[in-house]
Amino acid sequence: MKQQTAYKLLAAFLVLTMIFSVFAYIFINPGSQTAQEPQNQSQPEKYNPAYWTINQPFYSIADALNMTPVGVVAATYTDLESMTPQMVQWARQDVTVINEADTIYNSTTTKAYYAALKEGKNNSFLLLSTMSPEKNDFEYIVYPQQIAGNYILVRQEPQLNGLYNVMGNPTILAPGETLAGVFQIITSLNKTATAYDQYAGLLSKAEPAPYQMLSSNVSFAKQYYMGIGLNNGSYERTTAYLDANSTTLNKLNQLKANSTEKGFTEYNITSGGNYTTVKIAGPDMFRVLSEETS
Numbered sequence: 027m028k029q030q031t032a033y034k035l036l037a038a039f040l041v042l043t044m045i046f047s048v049f050a051y052i053f054i055n056p057g058s059q060t061a062q063e064p065q066n067q068s069q070p071e072k073y074n075p076a077y078w079t080i081n082q083p084f085y086s087i088a089d090a091l092n093m094t095p096v097g098v099v100a101a102t103y104t105d106l107e108s109m110t111p112q113m114v115q116w117a118r119q120d121v122t123v124i125n126e127a128d129t130i131y132n133s134t135t136t137k138a139y140y141a142a143l144k145e146g147k148n149n150s151f152l153l154l155s156t157m158s159p160e161k162n163d164f165e166y167i168v169y170p171q172q173i174a175g176n177y178i179l180v181r182q183e184p185q186l187n188g189l190y191n192v193m194g195n196p197t198i199l200a201p202g203e204t205l206a207g208v209f210q211i212i213t214s215l216n217k218t219a220t221a222y223d224q225y226a227g228l229l230s231k232a233e234p235a236p237y238q239m240l241s242s243n244v245s246f247a248k249q250y251y252m253g254i255g256l257n258n259g260s261y262e263r264t265t266a267y268l269d270a271n272s273t274t275l276n277k278l279n280q281l282k283a284n285s286t287e288k289g290f291t292e293y294n295i296t297s298g299g300n301y302t303t304v305k306i307a308g309p310d311m312f313r314v315l316s317e318e319t320s
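So in our numbering, spot 126 of the sequence shown is number 152, and the numbers just go up one at a time.
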């Protein structure tokens, strides 16, 4: 399969599962961006280590969901430092939020998690990311009050109006209400409800991978997960479905029937309870990526 064809298939699938970008969120929610006016202003600096206070490293989509308030309808996790050069090329072309994070922070993104949240009629998002070099080289005002010892940077660019940054590992970007929910989770001494709770069953069917995505906003199942990475020299992709419909299940079995001819070295479908898990492997990343989306 040609690379360009594979790129188009994956891009179409990401649109299908409604993985919104930061700027798409702002475009569809112009009325929700109302920031409280800070009382003090500071001259923006390109790097101030005092602002870099968050220390909550994340190594998978599960880790990030455990910092995310409930209500996630779709999320992606991309660890560029753990990818092969070929995967990095694909991610930078098809995972929109990577290049957006580069622009938002005037730096090079090394890891990013983006979650689209919905509660009632309200849409929100959460972006967690790491970068190299670490910079706060953007337009901001320092909010006069710290939260749990963290400086809050209020973004001043028109396209990011009403969004708040907290710098660190990871750097957080979110609207105010979502940011408050994140702080409630990471500062609580007690068990707090998180987005992970909703997807715990689905994620138990797969191992962490450099690229992971999930969604409860698809037509073919109640929940869907996909992760891909390199394992023993082959690209390995795991997909998991909660309550996949009969058409999807039939299609999966049809795809498996001629898997050897398509160059796959592994093609296993397992079912348990309401979950169906598909694990495939092969040397051609584009064929592995596009198998079920085609």
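Note that beta-carbon positions come from the ideal geometry of N, C-alpha and C, so glycine has one too.
### Message
Bridge partners for residue 78 per DSSP, in chain order?
### Response
193
### Task
Please say whether residue 72 and residue 105 have beta carbons closer to each other than 8 angstroms?
no
### Task
In the DSSP assignment, find the unbroken beta strand (DSSP E) run with residue 151 in it and report its ends.
148-158
### Task
Could you tell me whether the segment 298-308 touches the segment 260-272, using the rule of 3 or more Cβ pairs below 8 angstroms?
yes
### Message
Let me confirm a value: residue 333 is counted as buried when at least 16 other C-beta atoms fall within 10 Å, else exposed. Which label applies?
### Response
Residue 333 lies beyond the range of the chain shown here (27 to 320); nothing can be said about it.
### Message
As an exercise, report each continuous beta strand (DSSP E) stretch of at least 3 residues that is fully enclosed by the segment 88-172, in chain order.
### Response
98-105, 134-145, 148-158, 166-168
### Message
Whole angstroms are fine: how far does the CA of residue 185 sit from the CA of residue 18?
### Response
Residue 18 lies beyond the range of the chain shown here (27 to 320); nothing can be said about it.
#### Entry: Close Cβ partners of residue 212 (< 7 angstroms) along its chain, the five nearest in sequence each way excluded
82, 93
### Query
Between the C-alpha atoms of residue 26 and residue 228, what's the straight-line distance to the nearest angstrom?
Outside the modelled stretch of the chain, which goes from 27 to 320, sits residue 26, for which no answer is possible.
### Query
Given that a residue counts as buried once 16 or more other Cβ atoms are within 10 Å of its Cβ, and exposed if not, what is residue 317?
buried
### Query
Where DSSP assigns a beta bridge to residue 308, which residues make up the other side?
261
### Query
Nearest to residue 110 by alpha carbon, out of 200, 192, 259?
259
### Query
Thinking just about the alpha-carbon of each residue, which of 107, 283, 178, 149 is nearest to the one in residue 100?
149
### Query
Apart from the five residues on each side of it in sequence, which residues of its chain come closer than 6 angstroms, Cβ to Cβ, to residue 163?
72, 132
#### Entry: Where residue 225 falls: helix, strand or coil (DSSP)
helix
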